[in-house]
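Protein chains in written order, with the working numbering: chain A, 1388 to 1537; chain B, 1388 to 1537.
Each residue gets a CB set at the ideal place from its N, CA and C atoms; glycine is no exception.
Since we're looking at a predicted model, the values are computed, not measured.
One structure below.
Protein chains: 2
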Amino acid sequence: MKLSLRSEWFAAFKEKCRAHHLKMTPQRMAIYQALLEAEGHPTAEDMCNAVRDEFPNISFDTVYRTLVTFSEIGLTDIVAGHGGPRRFDTNPDNHHHFYCIGCRRIFDFESEAMDQIPIPAEIDRKCRILSKRMILKGYCHKCSAQQKKF
Amino acid sequence: MKLSLRSEWFAAFKEKCRAHHLKMTPQRMAIYQALLEAEGHPTAEDMCNAVRDEFPNISFDTVYRTLVTFSEIGLTDIVAGHGGPRRFDTNPDNHHHFYCIGCRRIFDFESEAMDQIPIPAEIDRKCRILSKRMILKGYCHKCSAQQKKF
DNA sequence: GTGATTGCAAACCTTTTGCACGCCA
DNA sequence: TGGCGTGCAAAAGGTTTGCAATCAC
């Protein structure tokens, strides 16, 4: 079962590479697989560590650049932070983000209403949309309890 | 008219400072005013230049730190970029963002449907939300025409 | 007076760039 | 074989931190 899912993903990956004129290298394969197995919002460094479990000699730069490349073709998503290192979103399902300004954690949440909201025609007509996401910012439960400035 | 609006804002600012135990310094006043007059998504450097028109000796650090402080108390909003410098949102009206992955520009757009979409109860109950915004990513009209990888 | 804030400078970290070598197509 | 991709290294750029002097309360 898992194997069959994996081979489906492999085929999808191969297709993506072909469509975007990217070569299929062992490094990219490894990074792609690590992306499938990762959870949450890892940094490039997190991903690099994960990939190195099976590919010890891969360089950080390759991981970093590959993740950026993947984000450009829609295989992953760059999550915006508050100035820290980039984070990559590994959750392929539709979901939305709540950012805590205090502890900087990012919480996923789901909302069918938000998923289904239409993109305004003026934008949709002119642009090629790769992702749509609601971003909430504020203080999480813990941080608002500790807040001094509020 | 403009003056009366200005004094309203001043009162609001004063109140915000009091509520958050922030001292009212000339620098913060100047930055706050520049924020009201700014448009789009300026960087800290943009803001610093603007503030220096009337406050030539202010340091970049002060502007930078103050903008971060202001974002923490909801006076402005930090816009997430794709790795470039932080940008601050000066548009106080509800609006949403489209990011072009190609040219990195950020386009504002409005959508009443998106404004009015409710925050899921599980989040709203536990967190203090400061802002809500839909983020679209993709390639703008110009960039999708020039895209090589797609 | 006291603690927050400012300004200057250095340190830190992430991202970007350059280049030679190696590998995929 | 021709390029693209990788790895290493250095540079660039933005952000954060430390500290002494100053200012608001």
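Residue range of the alpha helix (DSSP H) that residue i falls in?
i, result
"L1409 of chain A", "Neither: L1409 of chain A is in no alpha helix (DSSP H) and is coded neither H nor E."
"D1440 of chain A", "Careful: D1440 of chain A lies outside any alpha helix (DSSP H) and carries neither H nor E."
"D1476 of chain A", "That residue, D1476 of chain A, is in no alpha helix (DSSP H); its beta strand (DSSP E) goes R1474 to D1476."
"A1508 of chain A", "A1508 to K1513"
"D1448 of chain B", "F1447 to E1459"
Go ahead and label residue i buried or exposed: buried means 16 or more other beta carbons lie within 10 angstroms of its beta carbon, across all protein chains shown.
i, result
"C1490 of chain B", "exposed"
"I1522 of chain A", "buried"
"S1446 of chain B", "exposed"
"A1421 of chain B", "buried"
"E1459 of chain A", "buried"
"T1412 of chain B", "exposed"
"R1474 of chain B", "buried"
"A1467 of chain A", "buried"
"A1399 of chain B", "exposed"
Could you pull the start and end residues of the beta strand (DSSP E) that residue i belongs to?
i, result
"I1488 of chain A", "Where I1488 of chain A is concerned, there is no enclosing beta strand (DSSP E), given that its DSSP letter is neither H nor E."
"I1493 of chain B", "I1493 to F1496"
Can you look up residue i in the DSSP assignment and give me helix, strand or coil?
i, result
"I1465 of chain A", "strand"
"D1502 of chain A", "helix"
"T1430 of chain A", "strand"
"C1530 of chain B", "helix"
"M1388 of chain A", "Unreliable positioning characterises M1388 of chain A in this predicted model, as indicated by a pLDDT of 44, which lies under 50. The coordinate reading is nonetheless provided below. The answer is coil: DSSP assigns M1388 of chain A none of H, G, I, E or B."
"I1418 of chain B", "helix"
"F1400 of chain A", "helix"
I'd like to know whether the C-beta of residue i is nearer than 8 Å to at least one C-beta of chain A.
i, result
"R1520 of chain B", "yes"
"H1428 of chain B", "no"
"R1474 of chain B", "no"
"R1515 of chain B", "yes"
"Q1531 of chain B", "It is Ser, not Gln, that sits at residue 1531 of chain B in the sequence shown. S1531 of chain B counts as touching chain A."
"A1437 of chain B", "no"
"K1524 of chain B", "yes"
"E1459 of chain B", "yes"
"I1493 of chain B", "no"
"H1482 of chain B", "no"
Taking 8 Å as the CB-CB limit, is residue i close to chain B?
i, result
"Y1419 of chain A", "no"
"Y1451 of chain A", "no"
"P1479 of chain A", "no"
"E1432 of chain A", "no"
"F1485 of chain A", "yes"
"M1501 of chain A", "yes"
"F1400 of chain A", "no"
"A1508 of chain A", "no"
"S1446 of chain A", "no"
"C1404 of chain A", "no"
"C1527 of chain A", "yes"
"A1425 of chain A", "no"
Out of the options, point me to the one whose CA is closest to residue i's CA.
i, options, result
"K1519 of chain B", "A:N1436, A:A1398, A:Y1526 and A:I1516", "A:Y1526"
"I1516 of chain A", "B:C1404, B:A1437 and B:H1484", "B:H1484"
"M1416 of chain A", "A:H1408, A:C1404, A:G1427 and A:I1465", "A:C1404"
"L1423 of chain B", "B:E1441, B:Y1486, B:R1452 and B:N1478", "B:N1478"
"I1510 of chain A", "B:K1529, B:Q1503, B:A1398 and B:P1507", "B:K1529"
"P1472 of chain A", "A:H1428, A:E1395 and A:K1524", "A:H1428"
"P1443 of chain B", "B:Q1414, B:A1467, B:A1398 and B:Y1486", "B:Q1414"
"D1480 of chain B", "B:T1456, B:I1504, B:C1514 and B:D1495", "B:D1495"
"I1504 of chain B", "B:I1418, B:N1436, B:I1493 and B:H1482", "B:H1482"
"E1497 of chain A", "B:P1507, B:I1488 and B:A1500", "B:P1507"
"A1532 of chain B", "B:C1487, B:V1455, B:T1453 and B:L1409", "B:C1487"
"R1439 of chain A", "A:K1513, A:I1418 and A:T1456", "A:I1418"
"K1410 of chain A", "A:I1465, A:F1457, A:D1476 and A:R1512", "A:F1457"
"E1402 of chain A", "A:E1432, A:L1462, A:D1448 and A:K1524", "A:L1462"
"T1430 of chain B", "B:R1492, B:C1514 and B:K1524", "B:R1492"
"Y1451 of chain A", "A:A1437, A:E1441 and A:E1432", "A:E1432"
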